[in-house]
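Single-structure report; data block below.
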Ligand SMILES: [Zn+2]
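In the working numbering, the protein residues as written are 22 to 418.
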């Protein structure tokens, strides 16, 4: 009989022997980093000439998490960041479902601290040690699948910006294997050297900060009483923010004349019609801005030395694949066992280490008591196992 740890190692090893990892063509100038499955520490500053050498390494030092650098370096294996000699970076975006306004601080997110040793649970997230056995507490965080589905809308909007506003077409969209999506843009050479500060400008254009919102509203709705000046409604053929706003107005506007103008079907519009429309617009502008503001992670995009989770590697927080979405076809990507888990055809007998509250994992609801044993599909089982809530007793192929 294999132990819990041996089972996990074997599963991951078997996966990495054949895994179709998606790696950049210039792998040899990237830093590789990983956390071995049996260690708390990361191994950094690795470098491999090709996927064959990488595969041979990771089937011996089996990773819980596997990354490559968004940066290209002359000396990727040099342990000193200053001496690696930076040669530009990909542009990275990260959208996490728990950052969505609709999900943040809602019942769709469950968080608590727990003790693996005795099963103690605390909803006080500041608590560090177990009052029963003094073990270090672990944090559990669960995002309802509904929020992940919802974040797809923001990924689509971001893809539209990347292609239409920035003109970048060479990029991958990847489900993180946990609760969000990554976009990896292989920039044209002249943009690879964008600094962190320059990347911050991109972030603020995508996120739209408070001041921008005020500026947009005042630009659109300011009415000059003396000159009878009023600005035209944004149109789909406009660039930048005006186009992003026009898309949302087109979805909501009932006034045919305004709608046609916004869509670009007509090029003239009645002055009074626009004034009336702006009165209505004031009621919905915040809703519109909320729709066009995309909650990307600022730090990730600004970080020119970011470590990217390798697409199609396994996310050690869930045991699910960081699934590279084929042809960036988000419409056909859904949280499904067959899509998420490389161990989809396997059943696992697991034992719960704590009381599990009612949570939805992929498409099924779970609620279990501490020490309860159950036999379930590996796609669900690995979620509990990799989050530290359960132990593997046995695996049935
Ligand atoms: Zn304890």
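Using N, Cα and C, we set each Cβ at its ideal position, and we do this for glycine too. The structure displayed is predicted, hence computed values, not measured ones.
Inset, instruction - From the DSSP output, read off the bridge partner residues of residue 387. - result: Per DSSP, 380.
Inset, instruction - Consult DSSP for residue 46 and reduce its assignment to one of helix, strand or coil. - result: Of the three classes helix, strand and coil, the one that applies to residue 46 here is coil, per DSSP.
Legend entry - Cross-strand partners of residue 192 (DSSP beta bridge): Paired residue(s): 206.
Inset, instruction - Measure the alpha-carbon distance for residue 228 versus residue 117 and round it to whole angstroms. - result: The alpha-carbon separation between residue 228 and residue 117 amounts to approximately 13 angstroms.
Inset, instruction - With a threshold of 7 angstroms, establish whether the CB of residue 156 neighbours any heavy atom of ligand 1. - result: The answer is yes for residue 156.
Legend entry - Backbone CA spacing between residue 305 and residue 297 [nearest angstrom]: For residue 305 and residue 297, the distance between alpha carbons rounds to 14 angstroms.
Legend entry - residue 138 Cβ short of 7 angstroms to ligand 1 heavy atom set: Distances from the CB of residue 138 to the heavy atoms of ligand 1 include at least one below 7 angstroms.
Inset, instruction - Consider the C-beta atom of residue 392 and the heavy atoms of ligand 1; say whether any pair is separated by less than 7 angstroms. - result: Residue 392 Cβ: outside cutoff for every heavy atom of ligand 1.
Legend entry - Cβ-based neighbour list, residue 202, same chain, cut-off 7 angstroms, excluding 5 preceding and 5 following: So the qualifying residues of the chain are 116, 172, 176, 194, 195 and 196.
Inset, instruction - Check whether the Cβ of residue 153 lies closer than 7 angstroms to any heavy atom of ligand 1, and answer yes or no. - result: Flag set: Cβ of residue 153 near ligand 1.
Legend entry - Where residue 105 falls, given that 16 or more other Cβ within 10 Å makes a residue buried: Note on residue 105: 16 or more other CB atoms within 10 angstroms of its CB, so buried under the neighbour-count rule.
Legend entry - Backbone secondary structure at residue 353 - three-state DSSP: Helix.
Inset, instruction - Answer yes or no: do residue 232 and residue 207 have a C-beta to C-beta separation smaller than 8 angstroms? - result: Between residue 232 and residue 207, the CB-CB gap reaches or exceeds 8 angstroms.
Inset, instruction - Could you check which residue in 402, 373, 388 and 401 has the C-alpha nearest to that of residue 139? - result: When only C-alpha atoms are compared, the closest one is 373.
Inset, instruction - Please classify residue 88: does DSSP put it in a helix, a strand, or coil? - result: The three-state secondary structure of residue 88, taken from DSSP, is strand.
Inset, instruction - Report buried or exposed for residue 303, applying the criterion of at least 16 other Cβ atoms within 10 angstroms of its Cβ. - result: By the neighbour-count rule (16 or more Cβ atoms within 10 Å), residue 303 is not buried but exposed.
Legend entry - residue 282 vs residue 316 beta-carbon contact at 8 angstroms: Taking 8 angstroms as the Cβ cut-off, residue 282 and residue 316 do not qualify as a contacting pair.
Inset, instruction - Taking all protein chains shown into account, decide if residue 256 is buried (16 or more other Cβ within 10 angstroms of its Cβ) or exposed. - result: Per the 10 Å Cβ criterion, buried.
Inset, instruction - Report back the beta-carbon spacing between residue 82 and residue 121 to the nearest angstrom; my notes put them in contact at under 8 angstroms. - result: Not a contact, Cβ separation roughly 36 angstroms.
Inset, instruction - Might you give, ordered along the chain, the residues of its own chain that have their beta carbon closer than 6 angstroms to the beta carbon of residue 404, omitting 5 neighbours on each side? - result: The answer, listed in chain order, is 339 and 382.
Legend entry - Integer-rounded CB distance, given that residue 156 should sit under 8 angstroms from residue 136: Rounded, the Cβ-Cβ distance is 5 angstroms, consistent with contact.
Inset, instruction - Answer yes or no: the CB of residue 167 versus the heavy atoms of ligand 1, is any distance below 7 angstroms? - result: Relative to ligand 1, even the nearest heavy atom lies 7 angstroms or more away from the CB of residue 167.
Inset, instruction - In angstroms with no decimal places, state the Cα-to-Cα distance between residue 413 and residue 188. - result: About 48 angstroms.
Legend entry - Extent of the continuous beta strand (DSSP E) run through residue 108: Per DSSP, residue 108 belongs to the beta strand (DSSP E) from 107-110.
Legend entry - Where the beta strand (DSSP E) containing residue 162 begins and where it ends: 159-164 is the extent of the beta strand (DSSP E) around residue 162.
Inset, instruction - Give a yes or no on whether the minimum CB-CB distance between residue 198 and chain C is below 8 angstroms. - result: Checking the listed chains, one finds no chain C in this structure; it contains a single protein chain.
Legend entry - Reference residue 130, options 322, 380, 271 and 198, closest by Cα: Comparing Cα positions, the closest option is 380.
Inset, instruction - State yes or no: is the C-beta of residue 53 within less than 8 angstroms of the C-beta of residue 71? - result: No, Cβ-Cβ distance for residue 53 and residue 71 is not below 8 angstroms.
Inset, instruction - Since I believe residue 385 is in contact with residue 378 (beta carbons under 8 angstroms), could you give me their beta-carbon distance rounded to a whole number of angstroms? - result: The Cβ separation is near 15 angstroms, so there is no contact.
Legend entry - Closer than 7 angstroms: residue 141 CB and nearest ligand 1 heavy atom: At least one heavy atom of ligand 1 lies less than 7 angstroms from the C-beta of residue 141.
Inset, instruction - Determine the extent of the beta strand (DSSP E) in which residue 412 is found, giving its start and end residues. - result: Annotation: the continuous beta strand (DSSP E) that includes residue 412 extends over 411-417.
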